[in-house]
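S.K.: Just so we're aligned, residue 137 is where the sequence shown starts under the working numbering, counting upward by one.
Using N, Cα and C, we set each Cβ at its ideal position, and we do this for glycine too.
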Amino acid sequence: MVCQVTGGACEYTGRDMKAAHAHLNITAAEWDRMVELFKQVLDKHEVPETESGELLEIIGSTRGDIVVE
Numbered sequence: 137m138v139c140q141v142t143g144g145a146c147e148y149t150g151r152d153m154k155a156a157h158a159h160l161n162i163t164a165a166e167w168d169r170m171v172e173l174f175k176q177v178l179d180k181h182e183v184p185e186t187e188s189g190e191l192l193e194i195i196g197s198t199r200g201d202i203v204v205e
């Protein structure tokens, strides 16, 4: 999904985010931890701040479909 929405040469053909993650019952705390780990990976690979921010916005836009409140 990230590859496609960032203009990569791939096409996501899986289920929508809500359907794909519903059975996982992901909590807000688990989501926050995933975001923190994602930030660490971006930093480790020296992804520039602008691109890092854009990726975090893309990931963040899926939170409502993934996190069980």
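1. When DSSP labels each residue in this structure, what does Val171 get in the three-state scheme?
2. Considering only their Cβ atoms, is the gap separating Met170 from Thr198 smaller than 7 Å?
3. How about Thr149: is its Cβ closer than 6 Å to a heavy atom in the ligand MN?
4. What did DSSP end up calling Val203 once you bin it into helix, strand or coil?
M.R.: Reading off the structure:
1. Taking the first residue of the sequence shown as position 1, residue 171 is located at position 35. The DSSP-derived three-state label of Val171 is helix.
2. Sequence index remark: in the sequence shown, residue 198 carries index 62 (1-based). Sequence index remark: in the sequence shown, residue 170 carries index 34 (1-based). Taking the C-beta atoms as reference points, Met170 is found no nearer than 7 Å to Thr198.
3. Looking for the ligand MN in the displayed structure turns up nothing, as the structure carries no ligands at all.
4. Residue 203 sits at position 67 when you count from the first residue of the sequence shown. Residue state, collapsed to three classes: strand.
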